[in-house]
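Everything below concerns the one structure shown next.
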Amino acid sequence: MAKEKHEDKKVRTARIIRALEKLYPDAHCALTHSNAFELLVATILSAQCTDARVNMVTPVLFKKYPTAEALAKAPQEDVEKIIKTTGFFRSKAKSIRETSADIVQKHGGKVPQTMDELTDLRGVGRKTANVVLGNAFDQNVGVVVDTHVGRLSRRLALTVHEDPVDVEQDLMKLVPVEKWTNFSHLLIFHGRQICFARNPQCDKCPLLPDCPTGQTLTQAAAKAKPK
Ligand code: SF4
-7 MAKEKHEDKK VRTARIIRAL EKLYPDAHCA LTHSNAFELL VATILSAQCT DARVNMVTPV
53 LFKKYPTAEA LAKAPQEDVE KIIKTTGFFR SKAKSIRETS ADIVQKHGGK VPQTMDELTD
113 LRGVGRKTAN VVLGNAFDQN VGVVVDTHVG RLSRRLALTV HEDPVDVEQD LMKLVPVEKW
173 TNFSHLLIFH GRQICFARNP QCDKCPLLPD CPTGQTLTQA AAKAKPK
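For the sequence shown, the working numbering assigns the number -7 to the initial residue and increments by one for each residue that follows.
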């Protein structure tokens, strides 16, 4: 198959975005939060864990420790106990306490609003910073690449990369900047509802005409059907 030109891929990406926006007009960040601090902590807890599980834990955590000041001073063991079911609870408890301490010491208790300041906080990487900037501060600074976004981007041939940083760079060249935050939500919604990791439902997917993987899979399935 001939290599797709960048301009053609951009046009195809625009069609994919339109189809997903139609399918998921209410796509949004699934982590429950009422401010930037809560979203930052919830995002750290969501590593290797479902958003639904994180949402079960955070109301208890924020009721007891509602601010960066409070969480920075919280006993490690108590935080571990509250967040235990999110997995990797010792390192996550350490991370959210250290991040809170940095927010207090370096930013007077307020979550900073730039990529450099956010990624300078202990426990905060580019993905977490992108989630906070995009959803709490309405800044499209990058594209959040989680497991769904990575998988779907490869299936849709928007990238060939595995590394989330490389995937993000490819997506930033294809998706209009004002859509970066919502594009992640759209792919995450689609990954949860149709384009499953194990058994993508290509026959129900409106992206099929623009998806090389879906076309290969449906052609193989049609050939394998008994005549
Ligand atoms: Fe996923 Fe199949 Fe849809 Fe492609 S056509 S996005 S592989 S469900």
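C-beta: ideal position from N, C-alpha, C; glycine also.
A quick note: this is a predicted structure, and the numbers were derived from the prediction, not measured.
Candidates the options, of which the one nearest residue i by Cα
| i | options | result |
| --- | --- | --- |
| Asp130 | Cys21, Ala64, Ile88, Val52 | Cys21 |
| Glu90 | Val33, Asn132, Pro156 | Val33 |
| Leu199 | Leu179, Arg190, Lys215 | Leu179 |
| Cys197 | Ala11, Ala6, Val71 | Ala11 |
| Lys65 | Leu163, Gly101, Ala39 | Gly101 |
| Asn191 | His177, Arg4, Leu209 | Leu209 |
| Leu15 | Tyr57, Val71, Pro104, His177 | His177 |
| Phe221 | Gln105, Asp162, Glu72, Pro67 | Limits of the chain in this structure are -7 at one end and 219 at the other, which puts residue 221 out of reach. |
Rounded Cβ spacing between residue i and residue j (contact assumed at less than 8 angstroms)
| i | j | result |
| --- | --- | --- |
| Phe188 | Ala19 | With a Cβ gap of about 17 angstroms, Phe188 and Ala19 do not count as contacting. |
| Asp202 | Ile8 | 5 angstroms |
First and last residue of the uninterrupted alpha helix (DSSP H) at residue i
| i | result |
| --- | --- |
| Arg184 | 172 to 185 |
| Lys73 | 68 to 75 |
| Pro156 | 156 to 166 |
| His(-2) | -2 to 15 |
| Pro204 | 204 to 216 |
| Ser87 | 81 to 99 |
| Leu23 | Careful: Leu23 lies outside any alpha helix (DSSP H) and carries neither H nor E. |
| Asp108 | 107 to 111 |
| Gly126 | 118 to 127 |
(message) Any contact between the stretch 72 to 88 and the stretch 38 to 48? By contact I mean 3 or more CB pairs, one from each, below 8 angstroms.
(response) Contact holds: three or more Cβ-Cβ distances are below 8 angstroms.
(request) Spell out a yes or no on whether the stretch 119 to 136 and the stretch 165 to 173 are touching, meaning 3 or more CB-CB pairs, one atom from each, closer than 8 angstroms. (result) Taking a cut-off of 8 angstroms on C-beta distances, the stretch 119 to 136 touches the stretch 165 to 173, as three or more cross pairs fall below it.
(request) Scan the stretch 40 to 67 and note each continuous alpha helix (DSSP H) run of 4 residues or more that stays entirely inside, going in chain order. (result) 43 to 56, 60 to 65, all fully within the stretch 40 to 67.
(request) Would you check if there are 3 or more beta carbon pairs closer than 8 angstroms linking the stretch 134 to 144 to the stretch 154 to 163? (result) In this structure the stretch 134 to 144 touches the stretch 154 to 163; the number of beta carbon pairs closer than 8 angstroms is three or more.
(request) Would you check if the stretch 28 to 42 and the stretch 108 to 123 touch, i.e. whether three or more CB-CB distances between them fall below 8 angstroms? (result) Enough Cβ pairs lie closer than 8 angstroms, so yes.
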